[in-house]
Structures are given as C-alpha cells and as structure tokens.
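Trainee: Chains as they are written, first to last, in our numbering: chain Y, 1 to 112; chain L, 1001 to 1112.
(1) Does the beta carbon of residue 1038 of chain L come closer than 7 angstroms to any beta carbon on chain Y?
(2) Where does residue 10 of chain Y land, buried or exposed, given buried means 16+ other C-beta within 10 angstroms?
(3) Looking at the unbroken beta strand (DSSP E) that takes in residue 1107 of chain L, where does it start and where does it end?
(4) Note down, in chain order, every chain L residue with its Cβ under 7 angstroms from the Cβ of residue 31 of chain Y.
(5) Identify the contact partners of residue 1033 of chain L in chain Y, using a Cβ-Cβ distance below 8 angstroms as the criterion.
(6) Shortest alpha-carbon distance to residue 33 of chain Y belongs to which of Y:102, Y:110, Y:109 and Y:111?
(7) Output yes or no for whether 7 angstroms exceeds the beta carbon distance between residue 58 of chain Y and residue 47 of chain Y.
(8) Would you say residue 1102 of chain L reaches chain Y, if we count a Cβ-Cβ gap shorter than 7 angstroms as a contact?
(9) Taking Cβ positions, are residue 1036 of chain L and residue 1087 of chain L nearer each other than 7 angstroms?
(10) Enumerated in chain order, which unbroken segments of the alpha helix (DSSP H) with a length of 4 residues or greater are wholly contained in the segment 1029–1102 of chain L?
(11) Which one of Y:20, Y:28 and Y:67 has the shortest CA to CA distance from residue 55 of chain Y?
(12) Taking 7 angstroms as the CB-CB cut-off, is residue 106 of chain Y touching chain L?
(13) Alpha carbons only, please: which of Y:99, Y:109 and Y:95 is nearest the one belonging to residue 3 of chain Y?
(14) Give me whichever residues DSSP pairs with residue 30 of chain Y in a beta bridge.
(15) Can you find the residues in the same chain that come closer than 8 angstroms, C-beta to C-beta, to residue 1058 of chain L, ignoring five residues on each side of it along the sequence?
(16) Counting pairs of beta carbons, one from the segment 1073–1084 of chain L and one from the segment 1010–1018 of chain L, are three or more of them closer than 8 angstroms?
(17) Rounded to whole angstroms, how far is the Cβ of residue 1026 of chain L from the Cβ of residue 1003 of chain L, which I believe are closer than 8 angstroms?
(18) Is residue 83 of chain Y helix, strand or coil by DSSP?
(19) Measuring alpha carbon to alpha carbon, tell me which residue in Y:87, Y:111 and Y:65 is nearest residue 81 of chain Y.
(20) What does residue 89 of chain Y touch in chain L if you count any residue whose Cβ is under 8 angstroms from its own?
(21) Using the Cβ count rule (16 or more neighbours within 10 Å means buried), how would you classify residue 1099 of chain L?
(22) The ligand MN and residue 58 of chain Y: does any heavy atom of the ligand fall closer than 6 angstroms to the residue's C-beta?
(23) Starting from the N-terminal side, write out each stretch of the beta strand (DSSP E) that is 3 residues or longer and does not extend beyond the segment 50–77 of chain Y.
Below, the structure is given as structure tokens:
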C-alpha cells in the first residue's frame, strides 16, 4: 500500500473558522490530489499539485486553497469554513504506471 | 468536459443473483478504473482497464470496457453478502493533468 496519511482524521469546527487539513506521502510522488466526497456526488476534485509550489484548481475549488512546500506534504485550507464544506476529504497519489490512484484514510470534517 | 455517469445509484440484490453496474463517460479517455468503498472507509482499487475490449476478473467481479460505446460494466456473479459496498468507476484524463473523474457511485446491498 502507498504511504499516505491524513491529519486530522476527524474535526468539528464552527462556521467562519479557518481549517487546515494535511496530507503526507512517503512515496515521493510528483502529483497529489484533494477530493471531497458527498452523498450523491461521488468524489469531486478540489485542487491538485504537480510539484512543489505547483498547484491548480479542480472542479469544486471555491472556498479552498492549497499549498505544497515539500514533495511529501500537501495542505488543504478552508479560509473561513461554511456548513456546505461539511464533507469527507480524501487525499490521493498515483501508483506506479498509473495503474491505480491510492487514497488516504480520509478526514471527516463537520462545520457547525 | 468529461462527465461520468453510473447506474443504478442503488442496488439491492439477493445472494446468488447476478447483476451489472454500468458506467458511461462522455469523451475519449485513456483508462477506466473501478473502486470499492466500504462504509466509513477509504477507496480500494479493483480494476484498471486500458483498452477497448479489455476484461478483468477477480472472484465474483468482472469488469469490461467498450471504448467505442464509452461504456464500462462491472458484472457481479452469484452475489454474496461480502460484496455489499459502494462501487465507483473513474475515468482518467491524461492530456495535461492526470486527473480522475469519478462517477456518483453505486451502493450495493446483498441480502440473504
């Protein structure tokens, strides 16, 4: 299994507070991805990174920002959390030969 | 814009029966992936299909790909309770971003 960890695994916060989720990989992969999962929507791409300091938007990027200062870490920030951002967030990287995308264990975020 | 549609969204089936999950996508793609997700867990890779006519089988699950029809199927043979999970198809776009676009998922429940 690919070495991907996410922290925290669970978080409850209040509307308007900033939140940062961390994804850490030990595989030295160039590409990293953040998805959110909501019932009826499958997984939707928020942002992705194709190298240190190189990031781009996905299909649901509004209200989120990302940073990647090291190959192994990809941070997702909600500058001012809203209830619509209550979701499960997954980080992912590609495996060798693009035979599969490996997913982290997920972070369950609740915004009250 | 690449879109991926899965159906049915929910499938309740009796043990021992056969059924098929369908995955349609809207534009040319390099690869198609199938994932399984158990409740509260992360995604687990099942299959990657690389070319027209590709067929992969693992136990009671068989996946196939028809690139001309832009259709993949996941066939379940003689279902057992352990197959109860949510199944996602995902299509890759490798033109410049290596992104995966996911279907909405099919929640499968197998009952005695």
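Just so it is clear, CB atoms sit at the ideal spot from N, CA and C, and this is done for glycine as well.
Mentor: Let me lay it out:
(1) For the purposes of this step, residue 1038 of chain L is identified with residue 38 of the second chain, where counting begins at 1. So no, residue 1038 of chain L is outside the interface.
(2) By 1-based counting over the first chain, the position of residue 10 of chain Y is 10. That one is exposed.
(3) Here residue 1107 of chain L is taken as the residue at index 107 of the second chain, counted from 1. 1106–1111 is the extent of the beta strand (DSSP E) around residue 1107 of chain L.
(4) Taking the first chain and counting its residues from 1, the one referred to as residue 31 of chain Y is at position 31. Within chain L, the residues near residue 31 of chain Y are 1098.
(5) The residue labelled residue 1033 of chain L in the question sits at position 33 within the second chain. Within chain Y, 100 and 101 have C-beta atoms less than 8 angstroms from the C-beta of residue 1033 of chain L, given in sequence order.
(6) Counting from 1 along the first chain, the entry for residue 33 of chain Y is found at position 33. Out of Y:102, Y:110, Y:109 and Y:111, Y:102 has the C-alpha closest to the C-alpha of residue 33 of chain Y.
(7) Within the first chain, numbered from 1, the residue matching residue 58 of chain Y stands at position 58. Within the first chain, numbered from 1, the residue matching residue 47 of chain Y stands at position 47. With a cutoff of 7 angstroms on beta-carbon distance, residue 58 of chain Y and residue 47 of chain Y are scored as near each other.
(8) Your numbering for residue 1102 of chain L matches position 102 in the second chain. Yes, because at least one Cβ of chain Y sits closer than 7 angstroms to the Cβ of residue 1102 of chain L.
(9) Translated into the one-based positions of the second chain, residue 1036 of chain L becomes position 36. Translated into the one-based positions of the second chain, residue 1087 of chain L becomes position 87. Yes.
(10) none
(11) Within the first chain, numbered from 1, the residue matching residue 55 of chain Y stands at position 55. It is Y:67.
(12) Here the question's residue 106 of chain Y lines up with position 106 in the first chain. Yes, because at least one Cβ of chain L sits closer than 7 angstroms to the Cβ of residue 106 of chain Y.
(13) Residue mapping note: residue 3 of chain Y aligns to position 3 of the first chain, counting from 1. It is Y:95 whose Cα lies nearest to the Cα of residue 3 of chain Y.
(14) Working through the first chain from its first residue, we reach residue 30 of chain Y at position 30. Bridge partners of residue 30 of chain Y: none, in fact.
(15) The sequence position of residue 1058 of chain L within the second chain is 58, counting from 1. Taken in chain order, the residues that qualify are 1046 and 1047.
(16) Yes: at least three Cβ pairs fall under 8 angstroms.
(17) The sequence position of residue 1026 of chain L within the second chain is 26, counting from 1. The sequence position of residue 1003 of chain L within the second chain is 3, counting from 1. With 8 angstroms as the limit, residue 1026 of chain L and residue 1003 of chain L qualify as a contact, their Cβ atoms being about 4 angstroms apart.
(18) The count along the first chain starts at 1 and reaches residue 83 of chain Y at position 83. Helix.
(19) Position 81 of the first chain holds residue 81 of chain Y. In terms of CA proximity to residue 81 of chain Y, Y:111 leads the group Y:87, Y:111 and Y:65.
(20) Taking the first chain and counting its residues from 1, the one referred to as residue 89 of chain Y is at position 89. Near residue 89 of chain Y there are no residues of chain L at all, since even the closest Cβ is about 11 angstroms away, more than 8 angstroms.
(21) Looking up residue 1099 of chain L in the second chain gives position 99. With 16 or more Cβ atoms within 10 Å of its Cβ, residue 1099 of chain L is classed as buried.
(22) Summarising the ligand content, the structure contains no ligands, and the ligand MN is consequently not present.
(23) 54–57 and 64–70
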